[in-house]
Amino acid sequence: MCGRKTILNNRDRRSMKRLAKSNRQKSPLELTNNFYKGKKTISTCTMRRELKVMGLKSRSSARKSLVTATNRKRDCNLQRNAEIRPLSNDNESYGQMSPYLLSSNMMVAAGLEEEAH
């Protein structure tokens, strides 16, 4: 075996993975400080590298909310009630618009409606 001896053994790696999964939003620096509470010191680069090898990409993702019928219904209602205002750029409109506004904007762009309002 060539090179430097590894600082972490398999047991350390398993405990590091448990620590990262239980503290999903902590940064690698915070995880390093919590790792073994002073029994073994490792750098944040080592922590990041080991977590990346484990497939956690420096930290684990946040837990997703449980998709129950109630939560699904609430999310659909929030999306349905969201207001999207149109943005205009060179006579082109983006976003959701009512059919009346869409037709009046198209008439103004075509020069068919008088602007004497």
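Take the UniProt record's numbering: the last position of the sequence shown gets the number 117, and nothing is skipped along the way. Yeah, the Cβ is synthetic: ideal placement off N, Cα and C, and Gly gets one too.
If we ignore side chains and look at the alpha-carbon of each, how far apart do residue i and residue j end up?
i	j	result
K39	R48	19 Å
T44	T32	6 Å
D75	L66	12 Å
P28	G3	25 Å
K26	N77	33 Å
As a quick exercise: from the options, pick the residue whose alpha carbon is nearest that of residue i.
i	options	result
N10	K37, L66, E50 and C76	E50
V53	K37, K17, I7 and C2	K17
F35	G3, D12, C45 and T68	D12
N23	N77, R72 and L56	L56
T6	T70, I42, Q25 and E30	I42
Please classify residue i as buried or exposed, where buried requires at least 16 other C-beta atoms within 10 Å of its C-beta.
i	result
T68	exposed
Run through the UniProt domain "Transposase Tc1-like" (13–74) for me and flag every whole alpha helix (DSSP H) of 4 or more residues, listed as ranges in chain order. 28–34 and 44–53
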